[in-house]
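Student: Once you've had a glance at the structure underneath, I'll fire off some questions.
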Amino acid sequence: MQCDDVIWDIIGNQSFCSHKVKTKSQNFCRNEYNVTGLCNRSSCPLANSQYATIREEKGQCFLYMKVIERAAFPARMWEKVKLSKNYEKALEQIDENLIYWPRFIRHKCKQRFTKVTQYLIRMRKLVLKRQRKLVPLSRKVEQREKRKEEKALIAAQLDNAIEKELLERLKQGTYGDIYNFPVHAFDKALDQQDAESESEEESEEEEEDVGKREFVAEDEIEESDLSDFEDMNRLKTSSDEEEEEEEDEESSEDEEEMETETKTKTSKSKGKSPANGAAARKKRAYVEIEYEQETEPASKSMAT
Amino acid sequence: MDVTEVPGGQSDSGKKWMKRTPKKKKGGHGEKRGADRKVEEEEDEKKMETSEGVFPPNFSVSEIKNKQRRHLMFMKIKQEKRKVKLQVKKKKKKEREALGDKAPPKEVPKTIENQRVYDETTVDPEDEEVAFDEGTDEFSAYFNGLTNPKVLITTSDRPRGRTVRFCEQLATVVPNAHVYYRRGLALKRVIPQCVARNFTYLMVVNEDRKMPNGLVLCHLPDGPTAHFKVSSVRLRKEIKRRGKDPTEHSPEVILNNFSTRLGHSIGRLFAALFPQDPQFIGRQAATFHNQRDFIFFRFHRYIFKNEKKVGIQELGPRFTLKLRSLQKGTFDSKFGEYEWVLKRHEMDACRRKFQL
Numbered sequence: 004m005q006c007d008d009v010i011w012d013i014i015g016n017q018s019f020c021s022h023k024v025k026t027k028s029q030n031f032c033r034n035e036y037n038v039t040g041l042c043n044r045s046s047c048p049l050a051n052s053q054y055a056t057i058r059e060e061k062g063q064c065f066l067y068m069k070v071i072e073r074a075a076f077p078a079r080m081w082e083k084v085k086l087s088k089n090y091e092k093a094l095e096q097i098d099e100n101l102i103y104w105p106r107f108i109r110h111k112c113k114q115r116f117t118k119v120t121q122y123l124i125r126m127r128k129l130v131l132k133r134q135r136k137l138v139p140l141s142r143k144v145e146q147r148e149k150r151k152e153e154k155a156l157i158a159a160q161l162d163n164a165i166e167k168e169l170l171e172r173l174k175q176g177t178y179g180d181i182y183n184f185p186v187h188a189f190d191k192a193l194d195q196q197d198a199e200s201e202s203e204e205e206s207e208e209e210e211e212d213v214g215k216r217e218f219v220a221e222d223e224i225e226e227s228d229l230s231d232f233e234d235m236n237r238l239k240t241s242s243d244e245e246e247e248e249e250e251d252e253e254s255s256e257d258e259e260e261m262e263t264e265t266k267t268k269t270s271k272s273k274g275k276s277p278a279n280g281a282a283a284r285k286k287r288a289y290v291e292i293e294y295e296q297e298t299e300p301a302s303k304s305m306a307t
Numbered sequence: 095m096d097v098t099e100v101p102g103g104q105s106d107s108g109k110k111w112m113k114r115t116p117k118k119k120k121g122g123h124g125e126k127r128g129a130d131r132k133v134e135e136e137e138d139e140k141k142m143e144t145s146e147g148v149f150p151p152n153f154s155v156s157e158i159k160n161k162q163r164r165h166l167m168f169m170k171i172k173q174e175k176r177k178v179k180l181q182v183k184k185k186k187k188k189e190r191e192a193l194g195d196k197a198p199p200k201e202v203p204k205t206i207e208n209q210r211v212y213d214e215t216t217v218d219p220e221d222e223e224v225a226f227d228e229g230t231d232e233f234s235a236y237f238n239g240l241t242n243p244k245v246l247i248t249t250s251d252r253p254r255g256r257t258v259r260f261c262e263q264l265a266t267v268v269p270n271a272h273v274y275y276r277r278g279l280a281l282k283r284v285i286p287q288c289v290a291r292n293f294t295y296l297m298v299v300n301e302d303r304k305m306p307n308g309l310v311l312c313h314l315p316d317g318p319t320a321h322f323k324v325s326s327v328r329l330r331k332e333i334k335r336r337g338k339d340p341t342e343h344s345p346e347v348i349l350n351n352f353s354t355r356l357g358h359s360i361g362r363l364f365a366a367l368f369p370q371d372p373q374f375i376g377r378q379a380a381t382f383h384n385q386r387d388f389i390f391f392r393f394h395r396y397i398f399k400n401e402k403k404v405g406i407q408e409l410g411p412r413f414t415l416k417l418r419s420l421q422k423g424t425f426d427s428k429f430g431e432y433e434w435v436l437k438r439h440e441m442d443a444c445r446r447k448f449q450l
């Protein structure tokens, strides 16, 4: 004989129910056929001989019903009705099947059915969106990689490498004339040029002396005066030389800047291939010095 | 005979320990030593210490079953080895000093970079085939000066603050970069739109647990797609002794140590991010340095103090990348043709072998 109150007395209050989950505020029921999910006198499928639920299987919703007539046949206890996919029609079906049933069960069934359809809709939407693929990480591997990275960072000596690269680029001249650094080179060039000019002067003097015929006056004073004038001219010319050198440099610098701009545009200043401007640049420096040398005799000739 | 010798060796060591550590030795196996025996043991010990070869040749520490004794033996052996090493070192140093100038040159220590397994795809600087390939690949348009880079930076869904800030800082580093918020769009749909708007690069920063951990770099008009793992990201305010914010000048690019074919293509991928003509007035340099397959990115401002010294000041974010895969066309995870994929078991097996 099936007596619901006795069953509820036992499992609900006094003794043990294996489907019950107790929390601080509430009791839950983990029975699959429970409509609400709470452990109540009216929601317990074991303590109610007339009961109905909604359950879904693979996206299809079914209405399960249990009546007392079948209480003796556990294999046939639950009657399963497939609900239509249309929401309103399904609700009508529920109403139609549970006509004359207590209001509570009807209401709870409809509520559960609504919830189930809502989450099915959300599942279908999520599948269409992009899913996040979770890739499992192996902790050992990650630790190994981290350690390797640290060691690689130490081995890289980044600051040194960057500085070296930048200095190399400066030496190769990818920066053109922005930095007027090559001070040592400039001094060397100056020294070289002075030495050359001196040697040239000497050679010139010798050459002049060798083949030339000079008409010399009797008075030596005039000669000395003349020679003084020559010296003074020479002095002037040296200072002129410097001025002209600077002018030359400036003009050549301007020219060079223009040229370097065009050069940097065409050359790959990415550090992968040595700047094509490098070779040309060096040639240009050479040209600079030659210019100065050419102007020297010009100025000299002008003075004399 | 052999059978008796080995336990003899063991019991010898046991004897030693009995003498040395009377406190530590618990249950002495009931062995009692008389004073004479102890003297003998001392002599034996001295002999054994002075010449290690007196250890029976097949003596190994692992044969002692007792853990404490084994440990102590092992420490002893190590100490002796260290002593010998020190002596050898001192001798060498004396010899070197004695020889003075005639001393042989110092030996170069072995490093991982020295011992690197030769990679057959290492690029020769004069290789014509490589030069030809590079002249006709997807970057040729850029390197011939036809296109200007335009970069679109975005993230994965719902980025958190750190990733957003990282993207913003990246946008200041790369000139002509735009950051767009990803509103759940599929990359495959984003790409044709980008192409239509003349973008040359698409950068997607992937995020996990509020930290950026991946980077997809896609060269747009059907260029290669590279997928990197991002690690140790330092945002601007976390960098110590940093300079002021980077200006709008286009930086120079420094690419170090990209030696193989794969490394070359990755290097060109990075190079094409930046405009072809750097503005030297800005004095900014972006560095991609490859060391043992890790690519370190740094962004510096430099100043030449004189022709032999340059000072650099770090601005900008820093991060490390590790290449995970290189795909031939644009981003397509299902049907894409992968040029190179990191296969951990094959490629990480040898410590001296690197891919980039």
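As given, the protein sequences belong to chains A and B, one line each in that order. Here this note's numbering runs 3 ahead of the position in the first sequence, where the first position is 1. Here this note's numbering runs 94 ahead of the position in the second sequence, where the first position is 1. Even for Gly, the Cβ is constructed at its ideal location relative to N, Cα and C. Computed from a prediction, not measured in an experiment: that's the story for all the values here.
Can you tell me whether DSSP reads A/R133 as helix, strand or coil?
Tutor: Here A/R133 sits in coil by DSSP.
Student: Residues bridged to B/E346 by DSSP?
Tutor: Beta-bridge pairing links B/E346 to B/A379.
Student: From B/T319 to A/K118, what distance separates their C-alpha atoms?
Tutor: Whole-angstrom Cα-Cα distance: 44 Å.
Student: Throw me the rounded Cβ distance for the B/E207 and A/A158 pair, which I believe falls under 8 Å.
Tutor: Confirmed, Cβ separation roughly 7 Å.
Student: Could you work out which residue in A/C112, A/Y122, A/G176 is closest to A/Y67 when comparing CA atoms only?
Tutor: Ranking the options by Cα distance to A/Y67, first place goes to A/C112.
Student: Output the distance between the C-alpha atoms of A/L86 and B/R276, rounded to the nearest integer angstrom.
Tutor: Cα to Cα, A/L86 sits roughly 40 Å from B/R276.
Student: Starting from the C-beta of A/L41, find all residues in its chain whose C-beta is less than 8 Å away, skip the five residues before and the five after it, and write them out in chain order.
Tutor: Same-chain partners within the cutoff: Q29, N30, F31, C32.
Student: Would B/Q287 pass as an interface residue toward chain A - the criterion being a Cβ-Cβ separation below 8 Å?
Tutor: Answer no: the Cβ-Cβ gap between B/Q287 and chain A never drops below 8 Å.
Student: Would you mind telling me which residues of chain B sit closer than 9 Å to A/V119, beta carbon to beta carbon, in chain order?
Tutor: Here the premise fails: no neighbours, minimum Cβ distance about 26 Å.
Student: Could you check which residue in B/P269, B/H321, B/G255 has the C-alpha nearest to that of B/L417?
Tutor: Minimum Cα distance to B/L417 is reached at B/H321.
Student: Rounded to whole angstroms, what is the Cα-Cα separation between A/C6 and A/E91?
Tutor: Whole-angstrom Cα-Cα distance: 36 Å.
Student: Out of curiosity, what's the CA-to-CA distance linking B/V258 and B/F448?
Tutor: Using only the alpha carbons, I get a separation of about 33 Å.
Student: Got a sec? Which residues, its chain only, sit under 8 Å from A/A78 by beta carbon, not counting five neighbours each side?
Tutor: Correct list: empty, nothing qualifies.
Student: Distance cutoff 8 Å, beta carbons only. Does B/T230 sit that close to anything in chain A?
Tutor: By this cut-off, B/T230 is not an interface position.
Student: Is there contact here, the segment 385-404 of chain B with the segment 148-162 of chain A, by at least three beta-carbon pairs under 8 Å?
Tutor: Contact holds: three or more Cβ-Cβ distances are below 8 Å.
Student: Please list the residues of the segment 279-311 of chain B that have a C-beta atom closer than 7 Å to any C-beta atom in chain A, keeping them in chain order.
Tutor: Listed in sequence order: A280.
Student: Express the C-alpha separation of B/Q209 and B/T216 in angstroms, rounding to a whole number.
Tutor: Roughly 15 Å separates the two Cα atoms.
Student: For B/E244, tell me which candidate among B/E401, B/M167, B/A225, B/A290 has the shortest Cα-Cα distance.
Tutor: Note that residue 244 of chain B is Lys in the sequence shown, not Glu. Closest by alpha carbon: B/A290.
Student: Going by C-alpha distance, which of B/P198, B/G317, B/V202 is nearest B/T230?
Tutor: Of B/P198, B/G317, B/V202, the residue nearest in Cα terms is B/G317.
Student: Say whether chain A places a C-beta atom closer than 8 Å to the C-beta of B/V245.
Tutor: Cβ-Cβ to chain A under 8 Å: no for B/V245.
Student: Which one of A/A50, A/C20, A/E35, A/K25 has the shortest CA to CA distance from A/W11?
Tutor: It is A/A50 whose Cα lies nearest to the Cα of A/W11.
Student: Is there a Cβ of chain B sitting closer than 8 Å to that of A/I181, yes or no?
Tutor: Answer yes: the Cβ-Cβ gap between A/I181 and chain B drops below 8 Å somewhere.
Student: Verify whether the separation of the beta carbon atoms of B/G405 and B/R330 is less than 8 Å.
Tutor: No, the Cβ-Cβ distance between B/G405 and B/R330 is not below 8 Å.
Student: Am I right that B/I247 and B/A265 are in contact with their C-beta atoms under 8 Å? What's the rounded C-beta distance?
Tutor: Rounded, the Cβ-Cβ distance is 6 Å, consistent with contact.
Student: Does the beta-carbon of B/Q370 have 16 or more other beta-carbons within 10 angstroms, so that it is buried, or is it exposed?
Tutor: With 16 or more Cβ atoms within 10 Å of its Cβ, B/Q370 is classed as buried.
Student: Hey, would you say B/F413 sits closer than 8 Å to B/S326, going by beta carbons?
Tutor: In contact: B/F413 and B/S326 (Cβ atoms closer than 8 Å).
Student: Assign B/M167 to one of three DSSP states: helix, strand, or coil.
Tutor: B/M167 falls in the helix class under three-state DSSP.
Student: Going along chain A, which residues have a C-beta under 8 Å from B/R438?
Tutor: Residues of chain A passing the Cβ test: V144.
Student: Assuming contact is defined by CB atoms lying nearer than 8 Å, are B/T341 and B/H313 in contact in what I supplied?
Tutor: No, Cβ-Cβ distance for B/T341 and B/H313 is not below 8 Å.
Student: Need the endpoints of the beta strand (DSSP E) that B/V284 sits in, please.
Tutor: Premise fails: B/V284 lies in the alpha helix (DSSP H), 281-290, not in any beta strand (DSSP E).
Student: Is the segment 249-256 of chain B in contact with the segment 296-311 of chain B, if contact means three or more CB pairs nearer than 8 Å?
Tutor: Judged by Cβ distances under 8 Å, the segment 249-256 of chain B makes contact with the segment 296-311 of chain B, as three or more pairs qualify.
Student: In this structure, what does DSSP give as the bridge partners for B/N384?
Tutor: DSSP, once it has assigned bridges, lists B/I389 as partnering B/N384.
Student: Could you work out which residues of chain A lie near B/Q385, taking near to mean beta carbons separated by less than 7 Å?
Tutor: Going along chain A in sequence order, the residues near B/Q385 (Cβ under 7 Å) are A155, A158, A159.
Student: Which of the three DSSP states, helix, strand or coil, is assigned to A/Q5?
Tutor: In this structure, A/Q5 counts as coil in the three-state DSSP scheme.
Student: Taking the alpha carbon of B/Y396 as the point to measure from, which residue in B/I389, B/Q421, B/A379 has its own alpha carbon closest?
Tutor: Comparing Cα-Cα distances from B/Y396 to each of B/I389, B/Q421, B/A379, the minimum goes to B/A379.
Student: When you check each C-beta in the segment 312-336 of chain B against every C-beta of chain A, which residues fall closer than 9 Å?
Tutor: Residues passing the 9 Å Cβ filter: K323, S325, S326.
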